[in-house]
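Structure first, commentary second.
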Amino acid sequence: MKTKENILLDIKDLHLWYRVYDGYLKVLNGVHLMVREGERIGLVGEAGCGKTTTMKSILQILPPGDFHIPQGQIFYKGQDVLKMSYKELQRLRSREIAMIFQDPTAALNPVFTIGTQIGDVIKYSSAFEENEHKEIIKEQSIKVLKEVYLPDPERILINYPFQLSGGMKQRVCIALCISSPRNLILADEPGTSLDVTIQDQIMRLLNGIVRKRNAAIILVTHSLGVAREMTDRIYVMYAGTIVETATPEVLFKNPVHPYTKGLLASVPKISGGGITKGIPGKLPSYLNPPSGCRFQPRCEQASPICSEKPPQLFEIEKDRLVACYLTQR
Amino acid sequence: MKFGSFLLKRLLLSIFVILGLSILIFIIARVVPGDPARMTLGPRAPEEVVQRLRQEMYLDKPLPEQYFYWIRGALSGDFGYSLVTYRKVSEDIKEYLPATIELCTFTGIQMVIFAILFGTLAAQYKDTWVDNLIRALSYFGIAIPAFVVAIFFMLLFGYHWPILPVLGRLSSGISYPTKITGLLTLDSLIQGNFVVFWDALKHLLLPSVALSLAYLFQEARFTRSSMVENMHKDFLFAERGYGIPERVIMFKYLLKPSLIPTVSMMGLDFSSSFANAFLVEMIFNWPGISRYAISAMMSKDLSVISAVIIVLGAVFVFMNVIVDIIVIFLDPRIRLSTSRGI
Amino acid sequence: MRNSNQHNNSIAISLVRPKSIFWNNLGKNWYKFSRNKLSIVGLVIVTGIIISAIFAPWITPYPEHAGPFIDFNNAGQPPSLQHLCGTDTIGRDIFSRIIFAYHGALIMAFVVLLLAAPLGVFLGLIAGYLRNTWINTVIMRIVDIFIGIPSLILALAIAAMLEPNLMNSMIAISFGWWSWYTRLVYGMASSIRNEYFVIAADLTGASKFHILFREILPNCLSTVFTKMALDIGWVILIGASLSFVGLGEQPPTPALGQMVSDGAGYMPTLWWISIFPSLAIVLIILGFNLMGDGIRDMFEAGRE
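Residue numbers (this note's numbering), protein chains in the order written: chain Y, 111 to 439; chain D, 101 to 442; chain P, 31 to 334.
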């Protein structure tokens, strides 16, 4: 039985700025995210809204240098990731959390064999206490490749990434994540770079694995359909802020935030209705973001207070939060 | 074997290049005004003697025929006679080439070791004082021509601070070991003659440093930028995210892909060091082939010039082939797709 | 390629004018150039050298020393206020001669590049576009031959075979230099020709000439210019090496390498005769290299 009350990951009010030529790109502007043990969380938003950046900050694998976190905390099992020492981060990455990248081709080192890469991940994940034994590592690699339903794992171990198809590479990436038992998997749009049927397979595979291992997963996607099918709770993100969160049933039946409403209305229905309305306008500039609510320039129900201060996430029911002044009247 | 056919193709190409080079040089040498027969014998020789020599040198035959004779001679190792040394050119080359090979190999070793060392340090400690220091050194290192370094060394070690020898390959009073390869360090080591070995090493030091400096820093910068570029690649972040320790990432997963372009450069530099060696050889009085070539060029000793260019060109071309082989070895993408053709 | 992505948006009739793009983005380009303070140092050095070389006859203290001039009374003077770099064994002011030597070096660099680059680029374009034809094979094999020889050796050989003077040394260096540009442009042209906008232009009936010079070439230009900027230092280096052995400018016209070799025999006592020209060589090459780096930063994205 899953214990749904233990909080695994708790991101509180995360802000993140990138320094560029003209100033700062204020990419994240107050991200709140909470994942419990074994939960499947969906993170939905349009391209460029900061989902990948959020994921990368959890593991602290953002490109070094030009970024700055002015405020916010990322608590994992009670400890703030942003304040962790290198050793603690190591432990976090090798035993607790793993990330599946969007583009499997970019995520694999092109000049090393799959076997070497999986082998090293296994070797250095402390679950095996730096076990150097080649045979054991190889056994484990094959086992994990089988788990992702890759045919002929022995041959794959000696292959290089460019010799594999996109779908196979994505499975390898998943295998890398589960090569040691992990509690939280961050799946960044797995399968978006693949064709739809393969994407479907990958999703089901992921689902199966997560269930089997009782791991929590944050599934980042820009597809509402996928989120609906495969998650227990959905977070909707817009321009670096979390605007709404709810369970899929509640969210789809009764969206509160104007952005969520617009999103849902944008999905074309198979039952007819023609081309959908969509949401006028586009993502705000991160360089000079609107003060106040970031959705306000596009919002039909905006009121003066919306452009003064950004709305805080407000809990209207259990596990149901919305960041909008409409609810806080 | 895909690899074998690629190698064959490269070798054929190399031979073609050398052949083309020989034609080019030959044409230039013959086009240049001046009468080789007259130059060999001097202005006072009587006309009949000069005429006979002209006939012997095939100078009155059409160009392609001359080329044919020349190539035939070259392939059997006969490049004619030098105007300056009055010996067979092939003899001269046999005597001087090993000295240059030894010098350039030493230079090459330094290049590889220090370029990788400095480049990795600079990349790892990017934007810190280590990086800035190495970058500053690089700028100067690249801008200082080898002969300038050589002159500075002469001044410094020849006069002010004579701790290292500046002339020749061995100090006077030390005799050459029996010649096996012509490489003094190797020969003396083989024969267990450590006195000579040590002396030869000391003599090698300054010229090779002078020669290697510019290349070394250029390669270090290139290594650095190659590493920096790869540092931002997704797969490194992925590997970091899986918990692979930083030092493994640095020295294995970052190094290998970064080295691939650098190796090509190092190979090219190694070959071109043979060419640039001449200035260093002149200043340090190093009896190598480049110095030999320069004096030939000064005296318009055409047979020597042509011969040396062919030899050096051949070295260069084969070095390229070797570098390509190494690159193929390192980069699996090229290795396994060579069947698609180049 | 970064540039081609820009152009994919304006297919077919993409009369891209790279120059206007450059000037329009001048502010941004300057920012990229000046990110690295050293590039600015390079630019300053280069500007200083170019200005002093152009105005050499008017700004040097002893312009006549760059020609036939003998003054044994002042020979072998160490650096002083009247002679900033001292005098050589014939009494000529070394500082003035250095400035004039810069003049020669700059001319050499610019002429060589102006000769070699356009030829090389042109051949590379043709070879890259007309792939799978005999023209391509011939051109690229010839390039292979020329690239197969180290540039210094080829330049030396040719310069040695001709009369030693400035013109011939320039010819000697350009003789092999063009091949690098051909190879560079060939690589770029053969990948660009597969881009959509080229195919589109072809389909809409653009002539080969148009495609080559209006579609493909502008996309290569930035890399070519970068290479040219970085090459200047190398050409000057080779030029100095040539004049070191007596090829190139003949005395009494001063040349940097020649001045170094003249003074080599008088080391260590009359050290300034070699040392100052050596430093001058380092300075000019350093300046151009630094500036070249900045230019490269300007044209390419995301380096270092």
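All C-beta atoms in this analysis are idealised placements derived from N, C-alpha and C, irrespective of residue type, glycine included.
Secondary structure note for His133 (chain P): its alpha helix (DSSP H) is the uninterrupted segment 124-159. What Gly388 (chain D) touches in chain Y, judged by beta-carbon distance under 8 Å, is nothing: the nearest beta carbon there is about 38 Å away. Between Leu169 (chain Y) and Ile207 (chain Y) a beta carbon distance of about 6 Å is seen, short of the 8 Å cut, so the two are scored as contacting. With contacts defined as CB atoms closer than 9 Å, Phe416 (chain D) and Ile75 (chain P) fail to qualify as a contacting pair. The beta-carbon of Gln200 (chain Y) is placed less than 9 Å from the nearest beta-carbon of chain D.
At least one C-beta of chain P is nearer than 9 Å to the C-beta of Gly413 (chain D). The beta carbon of Met327 (chain D) sits closer than 7 Å to the beta carbons of Gly219, Thr220, Ala223, Leu354, Ser358 from its chain, once the five residues preceding and following it are set aside; these are given in chain order.
Buried is the label assigned to Met209 (chain Y), since at least 16 other Cβ atoms lie within 10 Å of its Cβ. Close to Asn319 (chain P), with beta-carbon spacing below 9 Å, are these residues of chain D in chain order: Tyr239, Ile242, Ala243. Proximity to Gln166 (chain D) across D:His260, D:Phe126, D:Ser312, D:Val149 peaks at D:Phe126, based on C-alpha coordinates. Straight-line measurement puts the Cα of Gly182 (chain Y) at about 22 Å from the Cα of Ser417 (chain Y). CA-CA distance, Val154 (chain Y) to Ile312 (chain Y), rounds to 18 Å. Only residues of its own chain outside the window of five on either side were considered, and among them Val408 have a CB closer than 6 Å to the CB of Ala393 (chain D), listed in chain order. At least one beta carbon of chain Y lies nearer than 9 Å to the beta carbon of Asp334 (chain D). A contact is defined here as three or more CB-CB pairs under 8 Å, and the segment 215-235 of chain Y meets this definition with respect to the segment 261-272 of chain Y. Residue D:Ser372 holds the alpha-carbon nearest to the alpha-carbon of Leu316 (chain D) among D:Arg340, D:Lys400, D:Ser372.
In the DSSP assignment, the residues bridged to Trp127 (chain Y) are Y:Lys136, Y:His178. For Phe85 (chain P), there is no enclosing beta strand (DSSP E), as DSSP gives it neither H nor E. With respect to chain Y, the C-beta atom of Gly341 (chain D) has a partner C-beta closer than 9 Å. Looking at Y:Tyr259, Y:Arg343, Y:Pro394, Y:Thr370, the one whose alpha-carbon comes closest to that of Glu359 (chain Y) is Y:Arg343. Flagged as an interface residue toward chain D: Leu316 (chain P), by a C-beta distance shorter than 9 Å. Judged by DSSP secondary structure, Gly152 (chain Y) falls within the beta strand (DSSP E) whose first and last residues are 150-154. When DSSP reads this structure, Val141 (chain Y) sits in a beta bridge with Y:Leu124. Counting along the chain, the unbroken beta strand (DSSP E) around Met347 (chain Y) starts and ends at 343-348. Shown here, Thr253 (chain P) sits in a helix according to DSSP, grouped into three states. The bridge partners DSSP lists for Ala236 (chain P) come to none. For Pro284 (chain P), there are no neighbours in chain D by C-beta distance under 9 Å, as the nearest C-beta there is about 17 Å away. Using beta-carbon distances, Ala294 (chain P) counts as an interface residue toward chain D, with a partner under 9 Å. Taking 9 Å as the CB threshold, Arg127 (chain P) stays off the interface with chain D. Under the Cβ criterion of 9 Å, Phe222 (chain Y) is counted among the residues facing chain D. DSSP places Leu294 (chain Y) inside the beta strand (DSSP E), whose first and last residues are 294-298. In this structure Gln411 (chain Y) is exposed. Its beta-carbon is surrounded by fewer than 16 other beta-carbon atoms within 10 angstroms. Distance from Ile252 (chain Y) to Pro261 (chain Y) at the Cβ level is roughly 12 Å; contact not present, criterion being Cβ atoms closer than 8 Å. Tyr167 (chain D) does not reach chain P, its nearest Cβ partner there being about 15 Å away, counting only Cβ pairs nearer than 7 Å.
Counting the other CB atoms within 10 Å of its CB gives Asn139 (chain Y) a total of 16 or more, which places it among the buried residues. Interface residue (Cβ-Cβ distance to chain P less than 9 Å): Gly258 (chain D) is classified as such.
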